[in-house]
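Trainee: For the sequence shown, this note's numbering gives the first residue as 10, with consecutive numbering after it.
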Amino acid sequence: MPEYEFPYRNPALPIEQRVDDLLKRMTLEEKVDQLMQITIGADTNPNNLGSGHSFRPTIGSVLSYCGSTRNRNAFQRLAVEETRLGIPIIWGFDVIHGWRTAFPIPLAQACSWNPDIVEAGCRVAARESYAEGVDWTFSPMLDVPHDPRWGRVMEGYGEDPLAAGIFGAAAVRGYQGEDPSQPGTVAACLKHFVGYAASEAGHDYAYTDISSRTLHETYLPPFQAAVEAGAMTLMSSFNDITGTPAVANHYTLTEVLRDRWHFRGFVVSDWDGVVQLAHQGYTTNPAEMCRAALSAGNDMEMNSSAYRNIPTLIESGRLKIEVVDEAVRRVLRIKFAKGLFEHPYHEEVDPGTVSLQPEALELSRAAARASMVLLKNEKNTLPLNPDTLRSIALIGPVATDREASAGAWPAIIDPKTIPTLQEVLPSFFPKSEIHYAPGCDYTSDSTEHFAEAIAAAEKSDLVIVAIGEGAGRTGENRSYTNIALPGKQLELLRKIAAVGRPVVLLVSSGRPILYPELEPLANAILHIWECGHGAAAGCCDILTGAYNPSGRLAITFPRSVGQIPIYYNHHPRARDEKAEWGGRYFDLDDSPMYPFGYGLSYTSYEYSDLEISVEDLTAQVTLRNTGKRAGRETVFWYLSDPEAKLTQPLRRLIAFEQVDLAPGEERRLTLQLDRMHDLAYIDPTGKKVFEPGRFILSVGGEKAEFVVAE
Ligand code: NOJ
Numbered sequence: 010m011p012e013y014e015f016p017y018r019n020p021a022l023p024i025e026q027r028v029d030d031l032l033k034r035m036t037l038e039e040k041v042d043q044l045m046q047i048t049i050g051a052d053t054n055p056n057n058l059g060s061g062h063s064f065r066p067t068i069g070s071v072l073s074y075c076g077s078t079r080n081r082n083a084f085q086r087l088a089v090e091e092t093r094l095g096i097p098i099i100w101g102f103d104v105i106h107g108w109r110t111a112f113p114i115p116l117a118q119a120c121s122w123n124p125d126i127v128e129a130g131c132r133v134a135a136r137e138s139y140a141e142g143v144d145w146t147f148s149p150m151l152d153v154p155h156d157p158r159w160g161r162v163m164e165g166y167g168e169d170p171l172a173a174g175i176f177g178a179a180a181v182r183g184y185q186g187e188d189p190s191q192p193g194t195v196a197a198c199l200k201h202f203v204g205y206a207a208s209e210a211g212h213d214y215a216y217t218d219i220s221s222r223t224l225h226e227t228y229l230p231p232f233q234a235a236v237e238a239g240a241m242t243l244m245s246s247f248n249d250i251t252g253t254p255a256v257a258n259h260y261t262l263t264e265v266l267r268d269r270w271h272f273r274g275f276v277v278s279d280w281d282g283v284v285q286l287a288h289q290g291y292t293t294n295p296a297e298m299c300r301a302a303l304s305a306g307n308d309m310e311m312n313s314s315a316y317r318n319i320p321t322l323i324e325s326g327r328l329k330i331e332v333v334d335e336a337v338r339r340v341l342r343i344k345f346a347k348g349l350f351e352h353p354y355h356e357e358v359d360p361g362t363v364s365l366q367p368e369a370l371e372l373s374r375a376a377a378r379a380s381m382v383l384l385k386n387e388k389n390t391l392p393l394n395p396d397t398l399r400s401i402a403l404i405g406p407v408a409t410d411r412e413a414s415a416g417a418w419p420a421i422i423d424p425k426t427i428p429t430l431q432e433v434l435p436s437f438f439p440k441s442e443i444h445y446a447p448g449c450d451y452t453s454d455s456t457e458h459f460a461e462a463i464a465a466a467e468k469s470d471l472v473i474v475a476i477g478e479g480a481g482r483t484g485e486n487r488s489y490t491n492i493a494l495p496g497k498q499l500e501l502l503r504k505i506a507a508v509g510r511p512v513v514l515l516v517s518s519g520r521p522i523l524y525p526e527l528e529p530l531a532n533a534i535l536h537i538w539e540c541g542h543g544a545a546a547g548c549c550d551i552l553t554g555a556y557n558p559s560g561r562l563a564i565t566f567p568r569s570v571g572q573i574p575i576y577y578n579h580h581p582r583a584r585d586e587k588a589e590w591g592g593r594y595f596d597l598d599d600s601p602m603y604p605f606g607y608g609l610s611y612t613s614y615e616y617s618d619l620e621i622s623v624e625d626l627t628a629q630v631t632l633r634n635t636g637k638r639a640g641r642e643t644v645f646w647y648l649s650d651p652e653a654k655l656t657q658p659l660r661r662l663i664a665f666e667q668v669d670l671a672p673g674e675e676r677r678l679t680l681q682l683d684r685m686h687d688l689a690y691i692d693p694t695g696k697k698v699f700e701p702g703r704f705i706l707s708v709g710g711e712k713a714e715f716v717v718a719e
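(1) Count the C-beta pairs between the stretch 655-671 and the stretch 578-585 that are closer than 8 angstroms, then say yes if the count reaches three, no if not.
(2) Ignore the nearest five residues each way along the sequence and tell me which others in residue 363's own chain have a CB closer than 6 angstroms to its CB.
(3) Roughly how many angstroms separate the alpha carbons of residue 284 and residue 331, rounded to a whole number?
(4) For residue 78, collect the residues of the same chain with a Cβ closer than 6 angstroms to its Cβ; drop the 5 residues on either side in sequence, then sort them by chain order.
(5) Taking DSSP as the reference, what is the three-state secondary structure of residue 258?
(6) From residue 702 to residue 654, what distance separates their C-alpha atoms?
(7) Could you tell me the alpha carbon to alpha carbon distance between residue 175 and residue 99, rounded to whole angstroms?
(8) Under the criterion of a Cβ to heavy atom distance below 7 angstroms, does residue 350 qualify as lining the ligand NOJ?
(9) Of all the alpha helix (DSSP H) runs that stay within the bounds of the stretch 43-118, which reach a length of 4 or more residues?
(10) Cβ of residue 750 versus every heavy atom of the ligand NOJ: is any distance shorter than 7 angstroms?
(11) Does DSSP put residue 401 in a helix, in a strand, or in coil?
(12) Measure from the alpha carbon of residue 26 to the alpha carbon of each residue in 345, 697, 533, then state which is nearest.
(13) Pop quiz: residue 224 and residue 386 are said to be a contact at Cβ under 8 angstroms. What is the actual Cβ separation, rounded to whole angstroms?
(14) Any contact between the stretch 382-396 and the stretch 460-467? By contact I mean 3 or more CB pairs, one from each, below 8 angstroms.
(15) I'd like the list of long-range same chain contacts for residue 170, defined as Cβ closer than 6 angstroms, with 5 residues on each side in sequence excluded.
(16) Between which two residues does the alpha helix (DSSP H) containing residue 378 stretch?
(17) Of all the alpha helix (DSSP H) runs that stay within the bounds of the stretch 449-492, which reach a length of 4 or more residues?
(18) Straight-line CA distance for residue 433 to residue 439?
(19) Quick check on DSSP: helix, strand or coil for residue 245?
(20) By the three-class DSSP mapping on this structure, what secondary structure does residue 661 have?
(21) Determine which residues share a DSSP beta bridge with residue 633 and list them.
(22) Is the beta carbon of residue 244 less than 8 angstroms from the beta carbon of residue 277?
(23) Kindly indicate the opening and closing residues of the beta strand (DSSP E) around residue 712.
(24) Which residue wins for smallest C-alpha separation from residue 208, given the options 127, 605, 574, 683?
(25) So residue 200 is in the beta strand (DSSP E); what residue range does that whole segment cover?
(26) Could you tell me whether any non-hydrogen atom of the ligand NOJ is closer than 7 angstroms to the CB of residue 461?
(27) Check whether the stretch 613-622 touches the stretch 579-594, taking contact to mean three or more Cβ pairs, one atom from each stretch, closer than 8 angstroms.
(28) What residue does the beta strand (DSSP E) around residue 211 start on, and which one ends it?
(29) Would residue 479 and residue 449 qualify as a contact pair, given that the criterion is a beta-carbon distance under 8 angstroms?
(30) For residue 669, which residues does DSSP report across the bridge?
(31) Between the C-alpha atoms of residue 189 and residue 341, what's the straight-line distance to the nearest angstrom?
(32) Have a look at the DSSP bridge pairing and note the partners of residue 311.
(33) Kindly identify the DSSP beta-bridge partner or partners of residue 178.
(34) Just checking residue 200 against the ligand NOJ - is the residue's beta carbon closer than 7 angstroms to any of the ligand's heavy atoms?
(35) For residue 343, collect the residues of the same chain with a Cβ closer than 8 angstroms to its Cβ; drop the 5 residues on either side in sequence, then sort them by chain order.
(36) Specify, as a first and last residue, the run of the beta strand (DSSP E) that residue 237 falls within.
Written as structure tokens, this is what we have:
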């Protein structure tokens, strides 16, 4: 049969048949190549140390941005037209919160509580990055953090496992579209599998001590939800899971992921994840690293080359060819499903015609204003009235900082294309004189520009102080023991507050920061995160009241680093935590500074008449907009299970929804409960267990107790 007639080339055949046909034609060396991912040239992630491999067109995957689709296609042509079997390469890249159009960092997006925003943003990122040669993004990150010292909190969807799963599934839909074989879509990669966020003391790459219970209850559920949404790939994590590193963990990679969840795609290691088994004290022998990772279910190796030991392992009988074949089969399956054999080349279009389009920029702005969280609004300081404010002082380093808006993982996002607050504010306040003064930068000890800032405040009706962490303080390998704002920013705020004008504080960060000292110094506080192209306009939409803030925290903000780990769904203590002998701190209020779910609005809502019908397990509550503005309320439904053989958290989120209400409008909301989905708990083996008895449902301060029998 001539080569071009080989069955694997026939798109009309089922994928499994094509995979089997191709696999049987491959040499061992070609199989090994399919299991390797290399970087060509420099990688844009500064934490990916080392770069540059010699290019083998038989390689399975490349992790690089090649500068243009033309370059990428040229490499791809070598693979498709000049290798024996013509297997296309899958091109991966970290597209985390946008390609050229920057969206809010994922943690901020989670505060919108709107999965449609996440999905739409990922769809734009897919279209833009595909146009420049990307097939596969290393996103979404579904790690569930309880420690804001860990810099990667910015990249996930907050501390609740249910929410992380819902947003993760939305991201998968956005990236992969309805048909991932079509141009304009990219394969998603769920990372980091699993438990990476359980890092000790907020260190990155750290050992994680995770009980079976916590693994199944907290860390696995978001991945399961996104696997069910059709994610094509996963990335194994850097961490050692209680003695068995994630990259070599047969239980998580095979028994859970394949045997229970029936995942059919492939798993790639993290950067050097296979050879880091040496640092983790597992083995220093590269062949053993290869055997351990591959036979655990880690199919592809990112960057390092331990998998080059496969032939020796096979020869010596230490690895079965079936294990290698299965891994190759998974990689090929995704390449077929991704449509790479039918569309190996991406159309060479001018990126300017695809990226940074008006609809994408508008979406970024909508995402930005929905993600920002109003933390304080004393005496309705906000919204501001552009008709009556004669002058505004705009102070602080965030006001002119494009990098802070670009976000913690900008990849190829060009900060120069991002408007700043200083540029945007005048168009929202055309009648106000605006006096800008930076006051200080993020980190230095200099106070030499304080005087100009104070002078600007003195001659203004109101002051907007825009301060924050500054770019690059969160993300991979960005752990801090002190999560207060750096440098002289607090001191600057003190001086400005002393001037006596109303102060609106805008804080940009990629993680929860410490507010106790900042809070008393401002009349209103808007946490603006790192929100991409739409950051400045989205913020002004809120300042002027064109948008009524609806963001609610998806992660707890502590009062002090000493409270960490702190998260809402913790377990009860042996004694009443409010009592004198309740095990509380003696030097600090036990409560968080701003709890999970916290966020103010320009209107007010009232919940009443929560009722539960035990017969059909439905709950109803009335929600009313009691203020004077239309608003979007996020309704959080929590369940408590106060008596269980396996003790349960004080409460856990079982559903959330968003409701738009006009002033005075009232709606009766219904939640259909399901025994196994909502009332059952997850046991240490991952099984759902329904234990009859007493439950408490709470929503918006309303609580109702009910009993469900056998
Ligand atoms: C290391 C990071 O942990 C991972 O999230 C990322 O996708 C890879 N490097 C590739 O850049």
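Note that beta-carbon positions come from the ideal geometry of N, C-alpha and C, so glycine has one too.
Quantities reported herein were computed from a predicted structural model and do not represent experimental measurements.
Mentor: Short version:
(1) yes
(2) 137, 140
(3) 23 angstroms
(4) 141, 142, 355, 357
(5) Annotated three-state conformation of residue 258 is coil, per DSSP.
(6) Their Cα atoms are separated by approximately 11 angstroms.
(7) Those two C-alpha atoms are separated by around 27 angstroms.
(8) Judged by the Cβ position, residue 350 fails to qualify as a neighbour of the ligand NOJ at the 7 angstroms threshold, every heavy atom of the ligand being at least this far.
(9) 78-90
(10) The displayed coordinates of the chain run from 10 to 719. Any statement about residue 750 would go beyond what the structure contains.
(11) strand
(12) 345
(13) Going by Cβ atoms, the distance from residue 224 to residue 386 rounds to 40 angstroms, so no, they are not a contact pair.
(14) no
(15) 153, 227, 230, 231
(16) Judged by DSSP secondary structure, residue 378 falls within the alpha helix (DSSP H) whose first and last residues are 367-380.
(17) 459-467
(18) 10 angstroms
(19) strand
(20) In the structure shown, residue 661 sits in a strand (DSSP, three-state: E or B).
(21) Looking at the DSSP assignment, residue 633 forms a beta bridge with 615, 675.
(22) Closer than 8 angstroms, so yes.
(23) Taken as a continuous stretch (DSSP letters only), the beta strand (DSSP E) holding residue 712 covers 711-717.
(24) Comparing alpha carbon positions, the residue from 127, 605, 574, 683 closest to residue 208 is 574.
(25) 198-202
(26) False, no ligand heavy atom lies under 7 angstroms from that Cβ.
(27) no
(28) Residue 211: not part of any beta strand (DSSP E); DSSP gives it neither H nor E.
(29) no
(30) 641
(31) 15 angstroms
(32) 46
(33) Bridge partners of residue 178: none, in fact.
(34) Yes, the Cβ of residue 200 comes within 7 angstroms of a heavy atom of the ligand NOJ.
(35) Closer than 8 angstroms at the Cβ level, and outside the excluded window around residue 343, lie 99, 196, 241, 242, 274, 275.
(36) Taken as a continuous stretch (DSSP letters only), residue 237 belongs to no beta strand (DSSP E), being part of the alpha helix (DSSP H) at 230-237.
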